[in-house]
Amino acid sequence: MQIQRKFITFFGFWVIISFLMHVAMLFGLTGIRGLSLLNIQDDNVINVIIKGSESKIIKRTSPSNSRAIVNQTPDKTKNNGEDQNKNIESAENNNSESSDSKIQDNTNNLQGTENPSIDSINKYSGVNITPANFEMFTKEKLSYVIYWYGIYAGNAVLESENKNGILKITSTVYSSPFVSAFYRVEDFAECIITNGYPLKLRLKTKEGSHTSDKETLFDIKAGKVTFINYLKGKSKEYNLPDGPVWDILSGFFYLRTHQLDISKQYYIDIFDSNKFYRTEVDILKRENIQNPAMGEISTLVIKPVLKSEGLFKKTGDIYIWLTDDMRKIPVRIETKIPVGNIVAELKEIQIN
Numbered sequence: 001m002q003i004q005r006k007f008i009t010f011f012g013f014w015v016i017i018s019f020l021m022h023v024a025m026l027f028g029l030t031g032i033r034g035l036s037l038l039n040i041q042d043d044n045v046i047n048v049i050i051k052g053s054e055s056k057i058i059k060r061t062s063p064s065n066s067r068a069i070v071n072q073t074p075d076k077t078k079n080n081g082e083d084q085n086k087n088i089e090s091a092e093n094n095n096s097e098s099s100d101s102k103i104q105d106n107t108n109n110l111q112g113t114e115n116p117s118i119d120s121i122n123k124y125s126g127v128n129i130t131p132a133n134f135e136m137f138t139k140e141k142l143s144y145v146i147y148w149y150g151i152y153a154g155n156a157v158l159e160s161e162n163k164n165g166i167l168k169i170t171s172t173v174y175s176s177p178f179v180s181a182f183y184r185v186e187d188f189a190e191c192i193i194t195n196g197y198p199l200k201l202r203l204k205t206k207e208g209s210h211t212s213d214k215e216t217l218f219d220i221k222a223g224k225v226t227f228i229n230y231l232k233g234k235s236k237e238y239n240l241p242d243g244p245v246w247d248i249l250s251g252f253f254y255l256r257t258h259q260l261d262i263s264k265q266y267y268i269d270i271f272d273s274n275k276f277y278r279t280e281v282d283i284l285k286r287e288n289i290q291n292p293a294m295g296e297i298s299t300l301v302i303k304p305v306l307k308s309e310g311l312f313k314k315t316g317d318i319y320i321w322l323t324d325d326m327r328k329i330p331v332r333i334e335t336k337i338p339v340g341n342i343v344a345e346l347k348e349i350q351i352n
């Protein structure tokens with residue numbers, strides 16, 4: 001069934017623009033082999049505001065054109081991933097017969113629900129779960145320019161702010177005036193993380209004549225997740241499998257909190273559009289690249305292995321370049337979609 005990873009990213013036209021960032025970024029994200037950065041030169045002013053950043057800026061030289069993929073060696077995490085896949089498949093089967101209900105029934109139950117404590121989460125899960133270290137995301141704004149075959153196609157902004165232990169992440173994607181003339185894209189996603197676990201994800205999209213408004217609500221204490229489709233007036237509740245489960249945005253930030261080792265695979269359990277997925281992220285290699293916002297930097301090249309419907313459907317291979325430091329900022333995303341090659345490049349960064 002759908003069991004592999006899913007981290008990142010963006011798609012459809014959405015395949016052309018939105019695909020990219022509700023990627024992160026994501027995982028953060030599919031087909032791109034040997035796609036160079038197109039050597040795009042931009043005369044626009046680039047504002048760089050970095051406070052306390054640990055990004056490795058080396059020197060300004062021409063970017064590497066190498067895209068060789070490092071051979072991956074077996075890792076014990078692979079077996080762990082296969083075992084956890086069984087839990088997710090079981091959860092899908094148990095939920096497959098659940099019937100849709102009206103939004104009012106579920107939202108009434110969710111009103112007044114307090115954020116679960118760490119102790120209650122551990123008691124529910126039956127395992128000693130350590131929440132991810134999200135403290136470093138105090139306030140961050142990453143702005144990207146999206147190119148389609150070298151043509152300016154749109155912009156994406158990924159923001160995060162941590163207030164009193166509550167982390168809010170927003171992702172905005174919008175098409176350029178040229179693209180909007182025949183296919184307008186305006187996508188917005190907002191994710192809330194409390195106590196190191198996802199609380200909710202709201203996703204609103206406008207793509208051409210298609211619009212959607214969906215929300216995913218996590219109740220860790222009760223071991224439930226509720227998916228709501230506001231335009232259809234329906235919602236559906238699912239049982240959460242053991243262990244942490246993330247939405248697409250929180251899952252990508254969860255990955256960023258980890259030390260990533262070359263040639264290893266990492267697994268993240270994702271819930272998206274009424275389905276559970278196991279997202280596998282392969283750490284391919286280190287590479288020095290040139291970036292307009294940061295100069296030449298050392299990066300980790302990762303490749304999410306996606307099998308999903310909903311937000312991640314209709315994508316090819318995705319490669320993401322993360323800064324090789326504790327923040328793991330996505331500075332470049334490349335993918336191939338049915339209508340061409342897409343490149344998202346970090347053009348402005350603000351970190352407090």
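Numbering-wise, the working numbering puts 194 at position 194 of the sequence shown, and it's gapless, one number per residue.
Don't be surprised by glycine CBs; every beta carbon is placed ideally from N, CA and C.
### Message
Our contact map puts Tyr-266 next to Val-281 with C-beta atoms below 8 Å; I'd like the distance itself, whole angstroms only.
### Response
5 Å
### Task
Could you check how far apart the C-beta atoms of Thr-170 and Ala-189 are, in whole angstroms? I think they sit under 8 Å.
7 Å
### Query
Name the DSSP beta bridge partners of Lys-214, please?
Leu-203 and Asn-229
### Task
Could you work out which residue in Lys-285, Ser-250, Thr-138 and Thr-216 is closest to Lys-275 when comparing CA atoms only?
Thr-216
### Message
Quick check: what's the CA-CA separation for Phe-134 versus Glu-348?
### Response
22 Å
### Message
Could you tell me the alpha carbon to alpha carbon distance between Lys-232 and Thr-205, rounded to whole angstroms?
### Response
14 Å
### Task
Give the C-beta separation of Ile-289 and Thr-299 to the nearest angstrom, bearing in mind that I take them to be a contact with Cβ-Cβ under 8 Å.
6 Å
### Collapsed DSSP secondary structure at Tyr-183 in the structure displayed
coil
### Task
Output the boundary residues of the alpha helix (DSSP H) element that contains Tyr-254.
248 to 256
#### Entry: Contact set for Arg-332: own chain, Cβ-Cβ below 6 Å, skip 5 residues either direction
Trp-321 and Glu-345
### Message
Whole angstroms are fine: how far does the CA of Ala-222 sit from the CA of Lys-358?
### Response
Here the chain comprises residues numbered 1 to 352, so residue 358 is not present and cannot be evaluated.
### Query
How is Phe-276 classed by DSSP in three states: helix, strand or coil?
strand
### Message
Let me check understanding here. Comparing Cα to Cα, which of Val-225, Ile-248 and Ile-151 lies closest to Tyr-238?
### Response
Val-225
### Message
Closest to Leu-167 by C-alpha separation, out of Gly-208, Gly-251, Asn-155 and Phe-182, would be which residue?
### Response
Gly-251
### Query
Smallest Cα separation from Phe-137: which of Lys-214, Arg-202 and Ile-192?
Ile-192
### Message
Using a 10 Å radius around the Cβ and a threshold of 16 neighbouring Cβ atoms, would you call Ile-342 buried or exposed?
### Response
buried
### Message
Would Ile-268 and Arg-286 be called neighbours here (beta carbons separated by less than 8 Å)?
### Response
no
#### Entry: Residues near Lys-139 by beta carbon distance below 6 Å, same chain, minus five either side
Glu-161 and Asn-352
### Query
How big is the Cα-Cα spacing for Arg-278 and Ile-337?
22 Å
#### Entry: Tyr-197, buried or exposed, once every other Cβ within 10 Å from all chains shown has been counted against 16
buried
### Query
Are Tyr-144 and Asn-155 closer than 8 Å when you measure CB to CB?
yes
### Query
Under the criterion of a Cβ to heavy atom distance below 7 Å, does Thr-299 qualify as lining the ligand SAM?
Looking for the ligand SAM in the displayed structure turns up nothing, as the structure carries no ligands at all.
### Task
Work out the CA separation of Pro-241 and Ser-273 for me, nearest whole Å.
16 Å
### Task
Along the beta strand (DSSP E) that carries Glu-296, what are the first and last residues, could you check?
295 to 305
### Message
Could you give the first and the last residue of the continuous beta strand (DSSP E) run that contains Gln-350?
### Response
340 to 351
### Query
What's the call for Lys-200, buried or exposed, on a 16-neighbour Cβ count within 10 Å?
buried
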